[in-house]
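> Attaching a single structure in structure tokens format; questions to follow.
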Amino acid sequence: HHSRLMQMTLLDGLHVFCPISRAQKQRLQFCRWPCSCPEWSACAPGVSSVLDGCGCCKSCARQFGEPCNERDVCDPHRGLYCDFSADKPRYQVGKCAYMMGVGCDLNGIHYSNGEVFQPSPLYNCTCIAGAIGCMPVFIQKPAGILGATPLTGRKHLQDTTYMSGEFIWCLFQKLRAVFIYPDVFLDF
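Residues 1 to 188 (the UniProt record's numbering) are what the sequence shown spells out, left to right.
Following this line, the structure appears as structure tokens:
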């Protein structure tokens, strides 16, 4: 009983030296315990599935420029963090921003970090932390890989079916994520 009273007195005394501001007293509670998770639905293509900041539920990571908080985390696989600097003095709600703001230069043109651009009609490229990654807009489908190809008597007949650039970009993102961040694809 005596130690409990002493703890309470000590905590009350700390408030004199470290007063809690009105904004801190009115903090929003984004996390609730016990955990209560909404029904899970898959994230949009290219958006990471992550554990929320409360350590409770699967969620879709917030992307560049989107609002974030202690529960709704930014996509770490895209080098994003929650920038709370505009929410002074509360620091409760931020916007997702890039950790590394290094852009890219190509043929005399500067591209911002995270910017997607098309330097030619054949390629879509992305600037990520000073490096440029490009994917063809259309990739010719190798015969027999995506379905049965009828046999013909003509030599050198080429299959000219194309896969969309969007499909290829999605596939590239998934494969990159699986090899670079395999832990993201484990169930929580």
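The beta carbon of each residue, even a glycine, is placed where N, CA and C say it ideally should be.
Around the Cβ of V73, are there at least 16 other Cβ atoms within 10 angstroms (buried) or fewer (exposed)?
Label assigned to V73: buried.
> Please report how far the alpha carbon of R32 lies from the alpha carbon of G94, in whole angstroms.
19 Å
> So, are the CB atoms of V116 and T126 less than 7 Å apart?
yes
> Using DSSP with H/G/I as helix, E/B as strand and the rest coil, what is L157?
With a pLDDT of only 42 at L157, under 50, the local geometry of the prediction cannot be trusted, and the value read off the model is given with reservation. It is coil, neither helix nor strand.
> Would you mind sorting V16 into buried or exposed? The rule is 16 or more other CB atoms within 10 Å of its CB.
Confidence in V16 is poor, its pLDDT being 41 and thus under 50, which makes the residue's placement unreliable; the coordinate value appears in the next sentence. When all chains shown are included, V16 counts as exposed.
> With a CB to CB cut of under 7 Å and the five nearest residues on each side skipped, what residues in its chain are close to D83?
G94, K95, A97
> Which partner residues does D105 have in the DSSP bridge list?
H110
> Would S41 pass as a contact of D52 if the rule is Cβ separation under 7 Å?
no
> If we require 3 or more residues per run, which beta strand (DSSP E) segments fall completely within the segment 50 to 107?
58 to 60, 80 to 83, 94 to 98, 104 to 106
> According to DSSP, is P119 part of a helix, a strand, or is it coil?
strand
> Could you check how far apart the C-beta atoms of D75 and V102 are, in whole angstroms? I think they sit under 8 Å.
Incorrect: roughly 17 Å between the Cβ atoms, too far for contact.
> So, C35 versus C68, is the Cβ gap smaller than 7 Å?
no
> What's the call for G114, buried or exposed, on a 16-neighbour Cβ count within 10 Å?
buried
> For A61 and L28, what's the separation of their Cα atoms in angstroms?
Taking the straight line joining both Cα atoms gives about 20 Å.
> Helix or strand or just coil, what does DSSP make of G130?
coil
> Straight-line CA distance for C37 to P119?
43 Å
> For Y111, which of A131, K88, S49 has the nearest alpha-carbon?
A131
> Write down the C-beta distance between C54 and R71 rounded to the nearest angstrom, noting that I regard them as a contact closer than 8 Å.
5 Å
> Do Y81 and M99 have their C-beta atoms closer together than 7 Å?
Taking the C-beta atoms as reference points, M99 is found nearer than 7 Å to Y81.
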